[in-house]
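Residue numbers (the working numbering), protein chains in the order written: chain A, 44 to 456; chain B, -15 to 307. Even glycine gets a Cβ: it sits at the ideal position worked out from N, Cα and C. Have a look at the structure below before the remarks.
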Amino acid sequence: MPREDMIMPQLGESVAEGTILKWLKKVGDNVAYDEMILEISTDKIDSEIPAPIAGVLAEILVEEGDTVPVRTVIARIETDISQPSSVSIPVGEDQCVLPESKVDTLLNDVAISENKGEHTGPPLQSKRTQRFFSPLVKRIAKENNISLEELENISGSGVGGRINRQDIEKYIASSSASSGEVTKVVPMDSMRKTIAKHMVASKKISPHVMSVHEVDMSAIVAWREQWKDHFYKKHGFKLTYTPIVLHCVVQALKEFPWINASIQGDNVIEHRNIHLSMAVALKDGGLIVPVIKNAQHKNLINLCQSVQELSEKSRNKKLVMSDLEGGTFTVTNAGVFGTIMGYPIINQPQVAILAMNAIVKRPVVVDGDAIAIRSMMYFNMSYDHRIVDGMMAGRFLQRLCQLIAEFDVSGEP
Amino acid sequence: MTMTYLNAIREALFAEMRRDKEVFLLGQDIAAYGGAFKLTKGFLEEFGKERVIDTPIAESAIVGAAIGAALMGLKPVAEMQFSDFIVGGFNQIVNMAAKCHYRWGAAVPMVIRCPSGGGMGAGPFHSQNPEAWFTRVPGLKVVCPGIPSDAHGLLIAAIRDPNPVLYFEHKFLYRHIKEEVLAIGEPIELGKARVDRVGSDLTIITYGGTLRLVREAAERLQENEISAEIIDLRTLIPLDMDTVSISVRKTNRVLIVHEDTLTGGFGGELSARIAEYDFEYLDAPVKRIASLDTPIPFARNLEQAFMPDTDQICVAAQELAVY
């Protein structure tokens, strides 16, 4: 069977080259005479190009995205010339989208380079659609990335089945096709999947309760301001609020071992050691929760160092599995993002998680009936109501706040 | 104050003549007789024969005298007894009044009042709507009020305007419609259309005598759950395409209604502009309803068949709504 060359058409007199936008057919596909076979783009217009003859698309010689001069052979169609075209187009009923002159140029140039004029189909026309679409409908379709083919399949409520604005708007509202325009599908990475799984599981496993306490950080704020530069020079890492709070948390947990626990079946496992999990937000999204092991053996300086080390390892993706295992209680600090109150989800199999929040200057009542401006912070603790009741959580938080209030700010850290 | 359309015009003339000594009236039978429609009855008594001038039956002379007075700094308000006869002054209007300022830098602050329109069985010489002839003459403004308050405010603005303004007042409306006119003595800016009724299914654009028909039609359409928005152009030149476009882009369907005959009527210009500027917002072809392309019949039944009516507007609107 003969193969006919299909060439890059010249869409306009001054157009020298064209880019293949998309092949609508692939090698081996049957193409009907005048059926749209590819989309091309020139500096003047974009256009769908119909098959000049019926047959099988035998070769694609120019790939999508490539630009070639006009008249370059871009494909070959294998054809049986003796077979009449299977598509018949009623003459005069077509919608021509291109201006007449452009259509002429296009059609002349789309003609096969050999056997010109020997095809047996009806006169070549730019076949677009048999149905009429109003300018408004076409504009709405374009804005919503709805192709003419899609439009053809929308049923219209207008006279003679014409699609009107209501029809296409209804279609858009109900169609998932249009959602591709306004949404982006992003697969979750493995960290995100893990977080998702753990969070869902935790909410299923533990009946969460949250208590909120408020603590006056003014003395600590002033003390830290006084010493932070000196501390950094001396130790090489920063004096931050998190290790200060961790320091107090360790003491409180020692006094409330029921909160430094996990549940195994019908047993509550109280942990002798305090392994503090700390949530670290990562720059490009996600978070990770490394563990400060045996926090009960660490002084404030050790805790500062641990926090700094684990944060750096988290951000540099240097954590090893053992850094992530064995936590018995979690502290998270959303205050750095300005959060003043949050509702943390328990890090299983632990039974409680404490959220530190932003330290905010607020007018508060002090010393009887005086109002003063103090640096205040809320502690939010979510806990597993299976074993921790409100009373115990309240007492724990009360003790924690007391430890913060009594934190020794008399001298050098 | 509740005013008929005629009284709204009268009161505007009174107000401006009292306000500005340079405003004066001239026209056939306007002084001693008080005007063919008694619109200027009482003006001679109040303002005297220097400012309320009876003229010969010669439109060219009326317009020519008005142009001369305007060039000399007065503010003439000339009356064509019937706007059909304005063609007698056509040359003075289109070649002189319209072009004086362009050619010689000489302003022509004049108003020509043109009682127009049919519906009263007045036949082919006393019923026409010749506004479209003047909309294509650069240098003229063309005003066509459809309700008393607009008739009042637009005439005041026309008198104060430094350009020659053709003011088409619909004779049928004179004593057939009345409404509360609140801003007595206040001008309404020329070149601003008015959304007469807010709707969502189609826009009906009209002006002058057909506004009342379109209002009736919109009420009936509402009963069939078709919500028509009405744009009253009020002035044809300058044309407020902004207001038109905003409405067209909202409803996507347009019906234009005027009492002037179809071919060469202002609806053609309007339709072309909508097609040009708002093409991609049209969900149906722009339709026009106008009088038939014939002389205006004298017989009442034939005249009714000749002119647009509410039924016709409703049918066209329904066709558009389901298109």
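- Query: Do B/Val179 and B/Ile215 have their C-beta atoms within less than 8 Å of each other?
  - Reply: To locate residue 179 of chain B, count along the second sequence from 1; it is residue 195. To locate residue 215 of chain B, count along the second sequence from 1; it is residue 231. Yes, the pair counts as a contact, with Cβ atoms nearer than the cut-off.
- Ignore the nearest five residues each way along the sequence and tell me which others in A/Val379's own chain have a CB closer than 7 Å to its CB. Walking along the first sequence from the start, residue 379 of chain A turns up at place 336. Within the same chain, A/Val379 has no close Cβ partners at all.
- Cβ of A/Leu179 less than 8 Å from any chain B Cβ? Here the question's residue 179 of chain A lines up with position 136 in the first sequence. So, interface residue.
- For A/Met384, which residues from the same chain have a beta carbon less than 7 Å from its beta carbon, with the 5 sequence-adjacent residues on both sides left out? Along the first sequence, one-based indexing puts residue 384 of chain A at 341. If the five residues before and after A/Met384 are omitted, its C-beta is found closer than 7 Å to the C-beta atoms of Val255, Asn400, Tyr421, Asn423, all from its own chain and listed in chain order.
- Message: For a minimum of 4 consecutive residues, which ranges assigned as the alpha helix (DSSP H) are wholly contained in the segment 62 to 97 of chain B?
- Response: Here the runs fully enclosed are 84 to 88.
- Using a Cβ cut-off of 9 Å, pull out every chain A residue sitting near B/Phe282, in sequence order please. The count along the second sequence starts at 1 and reaches residue 282 of chain B at position 298. For B/Phe282, there are no neighbours in chain A by C-beta distance under 9 Å, as the nearest C-beta there is about 38 Å away.
- Task: Would you check if the distance between the CB atom of A/Ser354 and the CB atom of A/Ile388 is smaller than 8 Å?
- Result: Residue mapping note: residue 354 of chain A aligns to position 311 of the first sequence, counting from 1. Residue mapping note: residue 388 of chain A aligns to position 345 of the first sequence, counting from 1. For A/Ser354 and A/Ile388, no; Cβs fall outside 8 Å.
- Message: Against B/Leu266, what residues of chain A qualify as contacts under a CB-to-CB distance less than 9 Å, listed in chain order?
- Response: Stepping through the second sequence from its first residue, residue 266 of chain B is reached at position 282. The contacting residues are Ser177, Pro178, Leu179.
- Query: Looking at the C-beta of A/Gln138, does it have a partner C-beta in chain B at a distance below 8 Å?
  - Reply: Locating residue 138 of chain A in the first sequence gives position 95, where the first residue counts as 1. Residue placement at A/Gln138 is poorly supported in this model, since its pLDDT is 39, which falls under 50; the coordinates still yield a value, given next. No - not a single Cβ of chain B is within 8 Å of the one on A/Gln138.
- Message: Quick check on DSSP: helix, strand or coil for B/Pro132?
- Response: Locating residue 132 of chain B in the second sequence gives position 148, counting from the first residue. Three-state DSSP puts B/Pro132 in a helix.
- What did DSSP end up calling A/Ala262 once you bin it into helix, strand or coil? In the first sequence, counting from the first residue as 1, residue 262 of chain A sits at position 219. The answer is helix: DSSP assigns A/Ala262 an H, G or I state.
- Determine the extent of the beta strand (DSSP E) in which A/Pro406 is found, giving its start and end residues. Reading the first sequence from its first residue, position 363 is the one you call residue 406 of chain A. 403 to 409 is the extent of the beta strand (DSSP E) around A/Pro406.
- Query: Which residues, taken in chain order from the segment 231 to 246 of chain B, show a beta carbon closer than 8 Å to some beta carbon of chain A?
  - Reply: Contact annotation: in the segment 231 to 246 of chain B, residues whose CB is within less than 8 Å of a CB in chain A are Asn236.
- Minimum Cβ-Cβ distance from B/Tyr307 to chain A less than 8 Å: Your numbering for residue 307 of chain B matches position 323 in the second sequence. Output row for B/Tyr307: interface = yes.
- Query: Alpha carbon to alpha carbon, what distance is there between B/Gly32 and B/Ala38?
  - Reply: Start at 1 with the first residue of the second sequence, and residue 38 of chain B comes out as number 54. Start at 1 with the first residue of the second sequence, and residue 32 of chain B comes out as number 48. Note on identity: in this sequence residue 38 of chain B is Asp, with Ala being the wrong assignment. Approximately 11 Å between the Cα atoms of the pair.
- Out of curiosity, what's the CA-to-CA distance linking B/Tyr86 and B/Gly123? Your numbering for residue 86 of chain B matches position 102 in the second sequence. Your numbering for residue 123 of chain B matches position 139 in the second sequence. Taking the CA atoms as reference points, B/Tyr86 sits about 8 Å from B/Gly123.
- Message: Counting C-beta neighbours from all protein chains within 10 Å, is the total for B/His136 16 or more, i.e. buried, or is it exposed?
- Response: Here residue 136 of chain B refers to the residue found at position 152 of the second sequence. Buried, since its Cβ has 16 or more Cβ neighbours within 10 Å.
- Task: Kindly say whether A/Gly378, judged by its beta-carbon, lies nearer than 8 Å to any beta-carbon of chain B.
- Result: Position 335 of the first sequence, counted from the start, is the residue given in the question as residue 378 of chain A. At a cut-off of 8 Å between beta-carbon atoms, A/Gly378 makes no contact with chain B.
- So who's on the other strand from B/His154, going by DSSP bridges? As a working mapping, residue 154 of chain B is identified with position 170 in the second sequence. According to DSSP, B/His154 bridges with B/Ser100.
- Message: Let's see if you can read the secondary structure: which residues bound the beta strand (DSSP E) around A/Asn376?
- Response: The count along the first sequence starts at 1 and reaches residue 376 of chain A at position 333. 372 to 376 is the span of the beta strand (DSSP E), which, as asked, contains A/Asn376.
- Item | Assumed close pair B/Leu205, B/Ala141 - CB separation to whole angstroms, cut-off 8 Å | Mapped onto the second sequence, residue 205 of chain B falls at position 221. Mapped onto the second sequence, residue 141 of chain B falls at position 157. Contact flag wrong, Cβ pair sits at about 32 Å.
- Query: What do you reckon, are the CB atoms on B/Met1 and B/Val165 nearer than 8 Å?
  - Reply: Residue 1 of chain B sits at position 17 when you count from the first residue of the second sequence. Residue 165 of chain B sits at position 181 when you count from the first residue of the second sequence. Not a contact, by the Cβ cut-off of 8 Å.
- By DSSP, does A/Ile287 sit in helix, in strand, or in coil? Counting from one through the first sequence, the residue named residue 287 of chain A turns up at place 244. A/Ile287: helix per DSSP, three-state reduction.
- Measure the C-alpha to C-alpha separation of A/Val113 and A/Thr62 and round it to an integer number of angstroms. Working through the first sequence from its first residue, we reach residue 113 of chain A at position 70. Working through the first sequence from its first residue, we reach residue 62 of chain A at position 19. Going by C-alpha positions, A/Val113 is about 10 Å away from A/Thr62.
- Excluding sequence positions up to five away, which residues of its chain have a Cβ less than 7 Å from the Cβ of B/Met80? Residue mapping note: residue 80 of chain B aligns to position 96 of the second sequence, counting from 1. Ile51, listed in sequence order.
- Taking only the alpha-carbon atoms, compute the straight-line gap between A/Ser217 and B/Arg237 and give it to the nearest angstrom. Here residue 217 of chain A refers to the residue found at position 174 of the first sequence. Here residue 237 of chain B refers to the residue found at position 253 of the second sequence. Inter-residue distance for A/Ser217 and B/Arg237 is about 24 Å (C-alpha atoms, whole angstroms).
- Comparing the C-beta of A/Arg205 with each C-beta of chain B, is any distance below 8 Å? Residue mapping note: residue 205 of chain A aligns to position 162 of the first sequence, counting from 1. So yes, A/Arg205 belongs to the interface.
- Query: Given that a residue counts as buried once 16 or more other Cβ atoms are within 10 Å of its Cβ, and exposed if not, what is B/Pro40?
  - Reply: As a working mapping, residue 40 of chain B is identified with position 56 in the second sequence. Taking all protein chains shown into account, B/Pro40 has fewer than 16 neighbouring C-beta atoms within 10 Å of its C-beta and is therefore exposed.
- Given 8 Å, three or more beta-carbon pairs between the segment 300 to 314 of chain A and the segment 18 to 35 of chain B: Result no; under three Cβ-Cβ pairs closer than 8 Å.
- Query: Looking at the C-beta of B/Phe66, does it have a partner C-beta in chain A at a distance below 8 Å?
  - Reply: Residue mapping note: residue 66 of chain B aligns to position 82 of the second sequence, counting from 1. At least 8 Å separates the CB of B/Phe66 from every CB of chain A.
- Simplified DSSP assignment, three categories, for A/Glu425: As a first step, residue 425 of chain A is located in the first sequence; it is residue number 382 there, counting from the start. According to the sequence displayed, residue 425 of chain A carries Ser and not Glu. Strand at A/Ser425.
- Query: Per DSSP, B/Gly11 is paired with what?
  - Reply: Here residue 11 of chain B refers to the residue found at position 27 when the second sequence is read from its first residue. Within the DSSP secondary-structure output, B/Gly11 pairs in a beta bridge with B/Asp38, B/Glu63.
- Message: Going by beta-carbon coordinates alone, are A/Val101 and A/Arg119 separated by less than 8 Å?
- Response: For the purposes of this step, residue 101 of chain A is taken as residue 58 along the first sequence, with counting starting at 1. For the purposes of this step, residue 119 of chain A is taken as residue 76 along the first sequence, with counting starting at 1. In the sequence under discussion, the amino acid at residue 101 of chain A is Ala, which differs from the Val named in the question. Going by C-beta atoms, A/Ala101 is nearer than 8 Å to A/Arg119.
- Are the C-beta of B/Phe31 and some C-beta of chain A separated by less than 8 Å? Residue mapping note: residue 31 of chain B aligns to position 47 of the second sequence, counting from 1. Not one chain A Cβ lies under 8 Å of B/Phe31.
- Message: Less than 8 Å between C-beta atoms, sequence neighbours within five positions excluded: which residues of the same chain meet that for B/Asp13?
- Response: Position 29 of the second sequence holds residue 13 of chain B. Only residues of its own chain outside the window of five on either side were considered, and among them Gly19, Ala20, Asp38, Gln65 have a CB closer than 8 Å to the CB of B/Asp13, listed in chain order.
- Taking all protein chains shown into account, decide if A/Tyr275 is buried (16 or more other Cβ within 10 angstroms of its Cβ) or exposed. Start at 1 with the first residue of the first sequence, and residue 275 of chain A comes out as number 232. Burial call: exposed.
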